[in-house]
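Q:
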Amino acid sequence: APAPAPAPAPAPKPTPAPAPAPPVKAGAAQTAIAWARTQIGKPYGWGATGPDAYDCSGLTMRAYQQAGISLPRTSRAQYNVGTRIPLSQVQAGDLVFWSNNGGAGGIYHVAIYSGGGMRVQAPYSGAAVQEVPMFYTNIMPFAVRL
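Residue numbers (my numbering): 45 to 190.
In structure tokens form, the structure reads like this:
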């Protein structure tokens with residue numbers, strides 16, 4: 045007797061379209077912002093990395109450490125990690141930088157963009173960690189997304 049014909053293979057189901065990608069490590073960004081806000085009021089200290097005082101890059105380094113992301117110590121080095129994002133596309137949690145010559149070599153300050161036109165930063169000697177409106181003079185045209 046002839047062998048029965050094999051059943052036709054079922055048609056493959058269409059692959060559903062992937063969901064849009066969330067912002068890069070959104071949970072980490074929110075963790076870093078929330079932790080940085082708990083440091084508001086602590087004094088600025090040149091070279092300080094906490095827990096009692098911070099300089100700008102010490103604050104950003106420790107904030108992202110709380111979210112499980114390791115950052116280098118200085119603002120210039122932090123500019124060279126993650127993904128550079130045009131400032132026009134900045135999102136909460138991105139690092140924003142200021143330069144005295146418009147280039148990476150002149151970077152002198154970093155802050156965490158906290159959303160709504162605000163930033164959390166350790167500003168300068170004599171001041172405390174604060175959340176304040178963005179300041180665009182000398183700002184670099186790219187933020188860094190981690």
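The beta carbon of each residue, even a glycine, is placed where N, CA and C say it ideally should be.
#1: Less than 8 Å separating the beta-carbons of V188 and T118?
#2: Report yes if the C-beta distance between I84 and V154 is below 8 Å; otherwise report no.
#3: To the nearest angstrom, report how far apart V176 and A148 are at their CA atoms.
#4: Under three-state DSSP, which class holds I129?
#5: What residues match up with F186 in a beta bridge as DSSP calls it?
#6: For D96, count neighbouring C-beta atoms within 10 Å of its own C-beta (all shown protein chains included) and say buried if the count is 16 or more, exposed if not.
#7: Do the CB positions of L122 and S101 come within less than 8 Å of each other?
#8: Mapping the DSSP letters down to three states, classify S114 as helix, strand or coil.
#9: In angstroms with no decimal places, state the Cα-to-Cα distance between A70 and T82.
#10: Beta-carbon within less than 7 Å of D138's beta-carbon, same chain only, minus the 5 sequence neighbours each way: which residues are those?
#11: What are the uninterrupted segments assigned as alpha helix (DSSP H) that are 4 or more residues long and contained completely in the stretch 66–93, given in chain order?
A: Let me lay it out:
#1: The count along the sequence shown starts at 1 and reaches residue 188 at position 144. The count along the sequence shown starts at 1 and reaches residue 118 at position 74. Not a contact, by the Cβ cut-off of 8 Å.
#2: Residue 84 sits at position 40 when you count from the first residue of the sequence shown. Residue 154 sits at position 110 when you count from the first residue of the sequence shown. No, the Cβ-Cβ distance between I84 and V154 is not below 8 Å.
#3: On the sequence shown, position 132 is the one that residue 176 refers to. On the sequence shown, position 104 is the one that residue 148 refers to. Those two C-alpha atoms are separated by around 24 Å.
#4: Locating residue 129 in the sequence shown gives position 85, counting from the first residue. Of the three classes helix, strand and coil, the one that applies to I129 here is strand, per DSSP.
#5: Along the sequence shown, read from residue 1 onward, the residue named residue 186 stands at position 142. Answer by DSSP bridge pairing, in chain order: P130.
#6: As a working note, residue 96 is residue 52 in the sequence shown. Under this definition D96 is an exposed residue.
#7: The residue given as residue 122 occupies position 78 in the sequence shown. The residue given as residue 101 occupies position 57 in the sequence shown. According to the sequence provided, residue 122 is Gln. The question's Leu does not apply to it. It is a contact, given that the beta carbons lie within the stated cut-off.
#8: Translated into the one-based positions of the sequence shown, residue 114 becomes position 70. Reduced to three states, the DSSP call for S114 is coil.
#9: Along the sequence shown, one-based indexing puts residue 70 at 26. Along the sequence shown, one-based indexing puts residue 82 at 38. In a straight line, the C-alpha of A70 is about 19 Å away from that of T82.
#10: Reading the sequence shown from its first residue, position 94 is the one you call residue 138. I129, Y157, A187, V188, R189, listed in sequence order.
#11: 70–82
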